[in-house]
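To start, the structure under review is shown below, and the notes come after it.
Numbering (the working numbering), first residue to last: 69 to 494.
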């Protein structure tokens, strides 16, 4: 017998209509200026790295484009360079089609995995909902940027989501998280999440998988592996200057607000540790209460906050977190969660503003001086604080909410759902 919550048909229809409208608008933009809009510039840099691997040239000695240090340098692992090798043989329209459709397919798979972790039944309704949400998410700025830039972030999110959907009894749980960390180091944070939720075998498996990617990279690309693991991986200047307005991380916020003096690094480390600690404590509580997707998505968001350098397209974990907020707001009728969802929708609404004819990103064009300076290009950090408060304060508000008697057909809460995220053995 199929298990899990059944998606109401009305929800599927609403999501389908919105997803079609959003997807159609996105397609119109691609058709109007295919190479300008779907430029896939980052996927192009991965292709250059792949060509260097094929030609036996180091991917770290010189920038992939131009000659300026800190611009277009390869910042991923040697294992990632090996993973990108198939791109070396894609050119022209084939490259564009594979890049665009490939990332959208990964997005659909990610939304399906997110809905699975959420506890929805694996049926046609959920499949339609996953595709519809994917279309709607093309209005979400981080997702939109990831697709048009051809970034790797959705792939990393998919690997972690599929991994977290496995039952804790599975010997394979942790492998995909380790592989994701082997491509880009930020998913290592999920190992800490596995530890605080007492999934020690999965954490050890993730570390083992990460080490395996390092060994593979060292065997095939020994010189590049030495360069990367002996210093390049920890050098944020390879990405750019921290005060860059497009650096939407805590470090970028501090650098723009207080300058880049000697105390900036210490303040960033202290703030990053505080964000990480609060996130892990809240994620452990959410996971223990059955809200696994909220816990995992929150950890994904925090990896972007504490990272030395985070572009807009790094914030893709807001997509599954938006799904969590919408689910909680609808089922619990929570004003607090609804407010958090509204704030998140506004902050990430670059694509929506473009759809209704407002200048893309104009909502963030606040003055960079005076009383508004602290908000200048820091919207995603403030959004994270709002979401931490909404998810953290929700249990306290529910404690003081008057109890209402319910009939025999009570709403199925995520706490009681029979999914892989809450069943520790299966």
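The beta carbon of each residue, even a glycine, is placed where N, CA and C say it ideally should be.
Residues that DSSP places opposite residue i in a beta bridge
i          : result
residue 73 : 188
Cβ pair residue i, residue j closer than 8 Å
i           : j           : result
residue 147 : residue 251 : yes
residue 265 : residue 352 : yes
residue 225 : residue 384 : yes
residue 389 : residue 397 : no
residue 259 : residue 271 : yes
residue 201 : residue 232 : no
residue 375 : residue 381 : no
residue 155 : residue 118 : yes
residue 158 : residue 121 : no
residue 456 : residue 346 : yes
residue 192 : residue 72  : no
residue 407 : residue 458 : yes
residue 188 : residue 75  : yes
Nearest residue (CA-CA) to residue i, options the options
i           : options            : result
residue 210 : 364, 132, 372      : 372
residue 369 : 331, 412, 397, 356 : 412
residue 93  : 203, 351, 197      : 203
residue 134 : 116, 273, 313, 304 : 116
residue 273 : 188, 292, 247      : 247
residue 326 : 75, 311, 216       : 311
residue 308 : 378, 382, 90       : 378
residue 386 : 300, 361, 277      : 361
residue 217 : 257, 279, 114, 294 : 114
residue 501 : 392, 350, 288      : An answer regarding residue 501 cannot be provided, because it is not within the stretch 69 to 494 covered by the chain.
residue 137 : 357, 343, 366, 300 : 300
residue 343 : 453, 163, 183      : 453
residue 186 : 162, 337, 392, 451 : 392
residue 323 : 262, 445, 214      : 445
residue 279 : 161, 145, 188      : 145
residue 364 : 112, 78, 165, 256  : 256
residue 262 : 305, 336, 228      : 228
residue 212 : 359, 90, 337       : 90
Closer than 8 Å to chain B by CB, residue i
i           : result
residue 318 : Absent from the structure is chain B; it holds one protein chain and no more.
Open item on the list: I want to know whether the segment 158 to 178 touches the segment 101 to 117 - three or more CB-CB distances under 8 Å.
Closed with: A contact exists between the segment 158 to 178 and the segment 101 to 117.
- [ ] Would you be able to state if there are at least three C-beta pairs under 8 Å between the segment 232 to 248 and the segment 395 to 410?
- [x] Contact fails: fewer than three Cβ-Cβ distances are below 8 Å.
Open item on the list: Under 8 Å: do the segment 219 to 238 and the segment 119 to 134 share three or more Cβ pairs, one atom per stretch?
Closed with: Note that the segment 219 to 238 does not touch the segment 119 to 134; fewer than 3 beta-carbon pairs, one per stretch, sit closer than 8 Å.
- [ ] Take every Cβ of the segment 312 to 319, pair it with every Cβ of the segment 330 to 348, and state whether three or more of those distances are shorter than 8 Å.
- [x] At 8 Å Cβ cutoff, the stretches touch.
- [ ] Note down, one range per segment and in chain order, each alpha helix (DSSP H) of at least 4 residues found wholly within the segment 113 to 180.
- [x] For the segment 113 to 180, whole alpha helix (DSSP H) runs of length 4 or above, ordered along the chain, are 146 to 151.
Open item on the list: Three Cβ pairs or more, each shorter than 8 Å: is that satisfied between the segment 184 to 200 and the segment 83 to 92?
Closed with: As far as the Cβ criterion goes, the segment 184 to 200 touches the segment 83 to 92, which means the pair count is three or higher.
- [ ] Tell me the start and end of each unbroken alpha helix (DSSP H) in the segment 272 to 317 that is at least 4 residues and wholly inside, in chain order.
- [x] 290 to 297, all fully within the segment 272 to 317.
Task: 4-residue-minimum alpha helix (DSSP H) runs that sit fully inside the segment 378 to 416, ordered along the chain - done: List check, alpha helix (DSSP H) in window: 386 to 400, 403 to 415.
TODO: Scan the segment 246 to 276 and note each continuous alpha helix (DSSP H) run of 4 residues or more that stays entirely inside, going in chain order.
DONE: If one requires a minimum length of 4 residues, the alpha helix (DSSP H) runs lying completely within the segment 246 to 276 are 257 to 264, in chain order.
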